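Numbered by our numbering, the letters in the sequence shown go through residues 337 to 512 in order. For reference, the structure is listed below as structure tokens.
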Amino acid sequence: MLVLLTFSLLSACSGLNGPDRTVRGAAAADSADQVMFGMRTLITSLGVKAANVEADTAFMYETAGRAELKHVKLTFFSATGVQQSVLTSDEGTYMLRTDSMEARGHVVVVKTDGSRLTTTILRYNKARNEVTTDQPYTYDSGDKHIQGTGFTTDPSLSNINTNRVHGTGGGIRLPG
337 MLVLLTFSLL
347 SACSGLNGPD
357 RTVRGAAAAD
367 SADQVMFGMR
377 TLITSLGVKA
387 ANVEADTAFM
397 YETAGRAELK
407 HVKLTFFSAT
417 GVQQSVLTSD
427 EGTYMLRTDS
437 MEARGHVVVV
447 KTDGSRLTTT
457 ILRYNKARNE
467 VTTDQPYTYD
477 SGDKHIQGTG
487 FTTDPSLSNI
497 NTNRVHGTGG
507 GIRLPG
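Written as structure tokens, this is what we have:
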């Protein structure tokens with residue numbers, strides 16, 4: 337009788353919180369070694385915080401040394417620990433061994449001064465301390481509106497080397 341009562345209670349309560357997240361996530365993470373919800377990790381350089389990686393969901397593949405992330409937030413810091421910019425994207429790939437990252441889908445980078453960069457793919461290389469894309473992008477800062485296809489810069493978006501650039505709102509200083 338106790339077993340029947342327990343089974344009845346569990347069956348009745350299973351639909352209270354909506355669909356079971358582990359069942360839906362199991363299909364997407366079928367080959368993942370681990371699935372993490374609310375993932376957060378630090379990227380450091382010589383013991384100093386360089387970036388903070390956050391994701392709603394992370395599918396960890398230990399043998400490959402990578403994590404596939406959903407709803408990504410990547411916060412960049414200067415060598416003195418001051419926040420420089422925040423990147424958000426729909427998804428990304430984080431390479432655990434090299435601390436490099438690729439952000440994909442509605443990538444937006446907002447600097448602390450309010451400047452905003454948007455693109456579809458952005459790659460961060462910790463070893464080179466650079467951010468790159470080969471995709472079309474838009475950069476808005478004050479009255480400046482710049483568009484181009486591909487660039488390489490530092491995480492603070494200070495030294496931009498760009499390809500096929502055009503824009504409005506006055507001049508910008510580009511290297512070379």
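Backbone N, C-alpha and C define an ideal beta-carbon position, used for all residues, glycine too. Note that the structure is a prediction, hence the values are computed from the model and not measured.
Provide the residue span of the beta strand (DSSP E) that contains residue i, from first to last.
| i | result |
| --- | --- |
| residue 385 | 384 to 397 |
| residue 439 | 436 to 447 |
| residue 376 | 370 to 381 |
| residue 422 | 419 to 431 |
| residue 482 | 480 to 489 |
Starting from the C-beta of residue i, find all residues in its chain whose C-beta is less than 8 Å away, skip the five residues before and the five after it, and write them out in chain order.
| i | result |
| --- | --- |
| residue 385 | 378, 379, 413 and 417 |
| residue 444 | 423, 424, 425, 452, 453 and 454 |
| residue 363 | Any reading at residue 363 needs caution, since the residue's pLDDT is 40, under 50, leaving its predicted position unreliable; the model's value is listed next. Excluding sequence neighbours, residue 363 sits near nothing in its chain. |
| residue 421 | 411, 412, 445, 446, 447, 448, 491, 492 and 493 |
| residue 399 | 369 |
Starting from the C-beta of residue i, find all residues in its chain whose C-beta is less than 7 Å away, skip the five residues before and the five after it, and write them out in chain order.
| i | result |
| --- | --- |
| residue 340 | Interpretation of residue 340 is limited by its pLDDT of 36, a score under 50 that renders its predicted location unreliable; no figure is taken from the coordinates. |
| residue 470 | 486 |
| residue 477 | 451 |
What would DSSP say about residue i, mapped onto helix, strand or coil?
| i | result |
| --- | --- |
| residue 462 | coil |
| residue 451 | coil |
| residue 330 | One cannot answer for residue 330 here, as it falls past the ends of the chain, which runs 337 to 512. |
| residue 361 | Low confidence applies here, because residue 361 scores a pLDDT of 43, under 50, leaving its location unreliable; read the following figure in that light. Residue 361: helix per DSSP, three-state reduction. |
| residue 477 | strand |
| residue 411 | strand |
| residue 497 | strand |
| residue 416 | coil |
| residue 403 | strand |
Between residue i and residue j, which are expected to be in contact by the criterion C-beta below 8 Å, what is the C-beta distance as a whole number of angstroms?
| i | j | result |
| --- | --- | --- |
| residue 405 | residue 387 | Not confirmed; about 13 Å, so no contact. |
| residue 463 | residue 429 | Incorrect: roughly 16 Å between the Cβ atoms, too far for contact. |
| residue 432 | residue 402 | 6 Å |
| residue 488 | residue 468 | 5 Å |
| residue 408 | residue 439 | 6 Å |
Would you please verify whether the beta carbon of residue i is less than 7 Å from any beta carbon of chain D?
| i | result |
| --- | --- |
| residue 373 | No chain D is present in this structure, which holds just one protein chain. |
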